[in-house]
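Colleague: Starting off with a structure, shown below.
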Amino acid sequence: MLETRLLHYFLAVAREQNITRAARTLFISQSTLSKQMMDLEKQLGKQLLIRGKRNVTLTEDGIFLRNRAQ
Numbered sequence: 048m049l050e051t052r053l054l055h056y057f058l059a060v061a062r063e064q065n066i067t068r069a070a071r072t073l074f075i076s077q078s079t080l081s082k083q084m085m086d087l088e089k090q091l092g093k094q095l096l097i098r099g100k101r102n103v104t105l106t107e108d109g110i111f112l113r114n115r116a117q
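When we follow the numbering used here, the leftmost residue of the sequence shown carries the number 48, and every step to the right adds one.
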């Protein structure tokens, strides 16, 4: 069972397309959010984000989760 908090964090990352900006909107540290996203991916057994130098892009699984979570 996924925690609501993790879905909230994931949706912020999906919306901002940047972990640092999403962390600011959530009032948590970038490292905490990054770890939470890695934990979420591990829990689901799927890659949700493609991490670039300046932004993140959702994978197909990430898009599916975003649509379901909204």
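From the three backbone atoms N, C-alpha and C, an ideal C-beta is built for every residue, glycine too.
Any idea which residues DSSP pairs R98 with across the strands?
Modeller: Locating residue 98 in the sequence shown gives position 51, counting from the first residue. Answer is V103.
Colleague: So, with DSSP's three-state summary, where would you put M84?
Modeller: Reading the sequence shown from its first residue, position 37 is the one you call residue 84. The answer is helix: DSSP assigns M84 an H, G or I state.
Colleague: Rounded to whole angstroms, what is the Cα-Cα separation between R101 and M48?
Modeller: In the sequence shown, the residue the question calls residue 101 occupies position 54. In the sequence shown, the residue the question calls residue 48 occupies position 1. Their backbone Cα atoms lie some 31 Å apart in a straight line.
Colleague: Nearest chain B C-beta to D86 closer than 8 Å, yes or no?
Modeller: The structure shown contains no chain B; it is built from a single protein chain.
Colleague: Between T51, A61, I97, E88, which lies nearest to K113 when the distance is taken from Cα to Cα?
Modeller: Locating residue 113 in the sequence shown gives position 66, counting from the first residue. For the record, residue 113 in the displayed sequence is Arg; it is not Lys. The residue with the shortest Cα to Cα distance from R113 is A61.
Colleague: Just verifying my parser: in three-state terms, what is the DSSP assignment at G92?
Modeller: As a working mapping, residue 92 is identified with position 45 in the sequence shown. Coil.
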